[in-house]
Each structure stands twice: as C-alpha cells, then as structure tokens.
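Trainee:
2 protein chains.
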Amino acid sequence: MTTLGYAILGLLSREDLSGYDLTQRMKGRVGYFWSARHSQIYPELARLEEGGYVTHSVVEQQERPDKKVYGITAEGLEALREWAVQPPVPKPTRDELVLKAYSVWLADQEEAARMFRGEESRHGEQLAHYEELRAWMEGEWGEDLANPESHRFATYATLRRGITYEMGAAEWCRWVADSIEGERSGEKEKQRGARS
Amino acid sequence: MTTLGYAILGLLSREDLSGYDLTQRMKGRVGYFWSARHSQIYPELARLEEGGYVTHSVVEQQERPDKKVYGITAEGLEALREWAVQPPVPKPTRDELVLKAYSVWLADQEEAARMFRGEESRHGEQLAHYEELRAWMEGEWGEDLANPESHRFATYATLRRGITYEMGAAEWCRWVADSIEGERSGEKEKQRGARS
DNA sequence: GTACCATATGTCAGAACTGACATAAAGGAT
DNA sequence: ATCCTTTATGTCAGTTCTGACATATGGTAC
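Chains as they are written, first to last, in my numbering: chain A, 122 to 317; chain B, 122 to 317.
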C-alpha cells in the first residue's frame, strides 16, 4: 500500500466518492497536506479495488456522464486504522525556498528582499484562508472538536497544523526580508540613494 | 537545471568539494532542507559539468582512493545568483504525519496518543540540536550574521527556518496527544480503568 | 452551429528519487 | 588470513509524481 492509497481511504472513510470527487478533494482540504492528480488517483483506485480495500458501483446520470462511486470495505477500514498509529518513516524535508535562502548572500539584495516579501504575502494569504476555515469550524462544529473519535476533530487537527506551518513560514520570510533591507537602509544608504 | 543542481551549486559556491564530500554535506546541514543520495549526486555532477556550471580536477591521495574535486564556474555562479531570487514554483505539501492525523478518529486512542508523543519527542530532539547549533553560530559568527551578503548569514537564515518548523511540529504533536488523552481521562475513565 | 466549460475516466512518457548492487584502496580488529 | 569500516565513484531497476494527451456527455455563451 502506498501513502496515496491511505490518503484515498481517509477520504472514503468519511463518504463514498467517485474518482473525480476524490480529485476535487485533493485540490481542496486534503490537498493542504497531501495532493494528487487524477492521473495518479484512477490507477490507485484500481489497485485499491484489486487489493480489496474499496469497491465501486456505477451510478448512471442523466445530465452528465455516468460515474463510478467508490466505498471503503471493512478490510480497507481496518488497514487504515492500523496505518494511522504507525510512526511515519522519516522522510527528508525538501524546501526550495529555504534552499534559495542558502544562496541569498550571492544575490541582488533588492531583488532578494522583493522575492521574500512576495513569499511572505503568499503564506500570509494562505494563513488568512486557514484562519477563516478555523473560525467556521469552531463555530459550526463546536462540541465535536473535543471528541478525538469524531472525524471533525481529525479534520480540525490537520487544519491547526496548516495554521502553524503558514504562520512560521510567513514570519520567517518577513525576518529574512527585514534582515536584507535592514542592512541596505543602514550601511549602504549611499549606494541605495545613487541607484534610485 | 534541476533543484538538486542548485543545491550542489550552493555548496560549491562556499568551497570546492568532491562527490563524496557533497554526499556528506547533504546528510548534515544542507540535508535539513534539501537532501540527496550519492546515486543522485554523481550523475547530477556529470550533467552540471556538461552544462559548464562546474569543473573538476583529480586529486591523487596516498592513504585513500583518489578523488575528483569539483569547483563552481563563473557561469555556475551567475546561474545560482539568478535562480536564488526567482520565486519558487509552489509545490504541494506532503506530510504523512498530518495525513495520519486525518484518520486518527478511527484509530485506537491509546496507540494514537503514544505515536504522537513519540513524534513530539523526535521533533523536540531535532529542535534541541538546532538550538545548540544556533547558540554556536551566534557566539562564533556574531558580526557576520547581520550581513546578508555573508554566506554565514545565509546558513543562519536556513537554520532559523528549521527551528520554527520543528517547534511548530513538536507543539502540534503535543496538542494532538493532549487532545486525545484529555478525552480519555475524562468521559472514558471507566473504560480506561477496565482496560488497565 | 460552434466553441467552451464542467463533469467524468483513463493512458503514457518522462522527471525525480530510493535502495540495492558493484567495485576498489587502505587501515584496523579478531 | 579474514572481516569490517571509511573513503571514493559509479550504475540500475523500480516507485512516485507531473504534465500532456485522449475521449465522451451535456449545458451555456456567442
């Protein structure tokens, strides 16, 4: 079983979905911490079905093409339950923005500051979006969020990780940009004046 | 040019290194935000040389096998400078631990809490290691850290991102574990007593 | 009428990466 | 002697993922 397989099972444990629906979910909420294109999802569904983790039934529709709706089996649910408590195999972090920071000392300082300000915005916007979702969940799902055996608690938990992550990323970008500009507006005042 | 190519150039812009040295660096400091095995590094070095970004010279050694020491070229340095200020193409986040949290509502609560406590420790230890490095850098490199055109500033900047990341991860793991155990020691007191 | 869009399901070539296999020199341990 | 470890460089098969190609239905916009 691949991790993508468990991502799909995680969605199907909440509701029955078609391959197309799964693709949409992967762009939306679940896509915040796992993502996949339909070109990965359809073959994976076939493998899951072959392994007995899911089954499908064809649903005929009038106003749009027919679809295959997948549901999780008892075996699929059991596999998911067991996988969820196994410590993940530590996978190496790969963050291209941090890699760029590693070479920022060679770069044009003005362009570098602009780039990090831009990334700060990107992460800030994602954070704002998450905070909206959080407010909505806390208002709408109130009691469920205290129950770790509710799927809503689980969804909320993943959102909280997203919030911490984006906050950390945005603050770090701001610190990098400030550090670069702090230096420029200090010792390098003359060069800056000459340029503008 | 691949991202791995820029990771290698980032290291070679600081000092000349052999393929073996690069592999070691990828396990250590640089490995905190980008990593690669030697099976990726040797072919990539060949491609970089073919593209004119690096050159190598063979260094003969007595007490160990001969080695190829690579150095960055002017073209390589220029490519790196330009790449460093281009906003990264947003790549989807994939965090298996968060994916597990998404299905934690189905899991055995006791095992789940244990798993998240374990992950909290792992991140906590990595954080402690980073904090040690940070103290060392701040003591040893003091003045350089205020100069964004120093490679030491760049190294320090990446370390700071690592610290924020691990802190966020560890705190989130603790929150998840607390949430699960908070519930168990409350409403489910009886079940717990029966089990132990 | 035709061009585009959302829904719906699939395949395939190529890139990036992992883990195993392969070779070799020199030193240290048993 | 034999084995293990470190240094050193390489290949290769298989997995995961991306981006493009491919096809089909039915509604809406021009």
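No residue lacks a Cβ here, since even glycine has one placed at the ideal position from N, Cα and C.
Rank Val206(A), Trp204(A), Glu240(A) by C-alpha distance to the C-alpha of Ala298(A) and give the top, closest one.
Mentor: Glu240(A)
Trainee: Determine whether the Cβ of Leu248(B) lies closer than 8 Å to any Cβ atom of chain A.
Mentor: no
Trainee: Kindly say whether Pro186(B), judged by its beta-carbon, lies nearer than 8 Å to any beta-carbon of chain A.
Mentor: no
Trainee: Would you mind listing the alpha helix (DSSP H) stretches within the region 235-273 of chain A that are 4+ residues and don't spill past its ends, in chain order?
Mentor: none
Trainee: Go through its chain and collect everything with a Cβ distance to Gly172(A)'s Cβ below 6 Å, but skip five positions before and after it.
Mentor: none
Trainee: Under 8 Å, do Ile162(B) and Ile193(B) count as touching if we go by C-beta distance?
Mentor: no
Trainee: With DSSP collapsed to three states, give me the class of Tyr191(A).
Mentor: strand
Trainee: Within 10 angstroms of its Cβ, does Ser134(B) collect 16 or more other Cβ (buried), or is it exposed?
Mentor: buried
Trainee: Under the rule that 16 or more other beta-carbon atoms within 10 Å means buried, what is Asp216(A), buried or exposed?
Mentor: buried
Trainee: Considering only the beta carbon of each residue, do Thr176(A) and Gly289(B) sit closer than 8 Å?
Mentor: no
Trainee: When the Cα of Ser242(A) is compared with those of Trp262(A), Phe274(A), Cys294(A), which residue comes out closest?
Mentor: Cys294(A)
Trainee: With Ser160(B) as the anchor, note down where its alpha helix (DSSP H) starts and where it stops.
Mentor: 159-171
Trainee: How would you list, in chain order, the residues of chain B whose beta-carbon sits under 8 Å from the beta-carbon of Gln329(A)?
Mentor: Absent from the model: residue 329(A). The displayed extent of chain A is 122 to 317, so no value can be given.
Trainee: Indicate whether at least one CB of chain A lies closer than 8 Å to the CB of Thr285(B).
Mentor: yes
Trainee: Please state the DSSP three-state secondary structure of Ser139(A).
Mentor: strand
Trainee: Along the region 194-222 of chain B, what residues have a CB closer than 9 Å to any CB found in chain A?
Mentor: For the region 194-222 of chain B, the set of residues with a beta-carbon nearer than 9 Å to any beta-carbon of chain A comprises Leu198, Leu201, Arg202, Glu203, Trp204, Ala205, Val206, Gln207, Pro208, Pro209, Val210, Pro211, Lys212, Pro213, Thr214, Arg215, Asp216, Glu217, Leu218, Val219, Leu220, Lys221, Ala222, in chain order.
Trainee: Tell me which residues of the region 140-164 of chain A have at least one Cβ-Cβ distance to chain B shorter than 8 Å, keeping chain order.
Mentor: Val151, Gly152, Tyr153, Phe154, Trp155, Ser156
Trainee: When the cut-off is 8 Å and only beta carbons count, does Ile301(A) lie next to chain B?
Mentor: yes
Trainee: For a quick check, are the C-beta atoms of Ala205(A) and Ala233(B) less than 8 Å apart?
Mentor: yes
Trainee: Does chain B have any CB closer than 8 Å to the CB of Ser134(A)?
Mentor: Answer yes: the Cβ-Cβ gap between Ser134(A) and chain B drops below 8 Å somewhere.
Trainee: Do Val179(B) and Asp137(B) have their C-beta atoms closer together than 8 Å?
Mentor: no
Trainee: Are the C-beta of Gly236(A) and some C-beta of chain B separated by less than 8 Å?
Mentor: One point to set straight first is that residue 236(A) is Met, not Gly, in the sequence displayed. It does; some Cβ of chain B falls within 8 Å.
Trainee: Assuming Gly283(A) and Phe154(A) make a contact with CB atoms under 8 Å, what is their CB distance in whole Å?
Mentor: 7 Å
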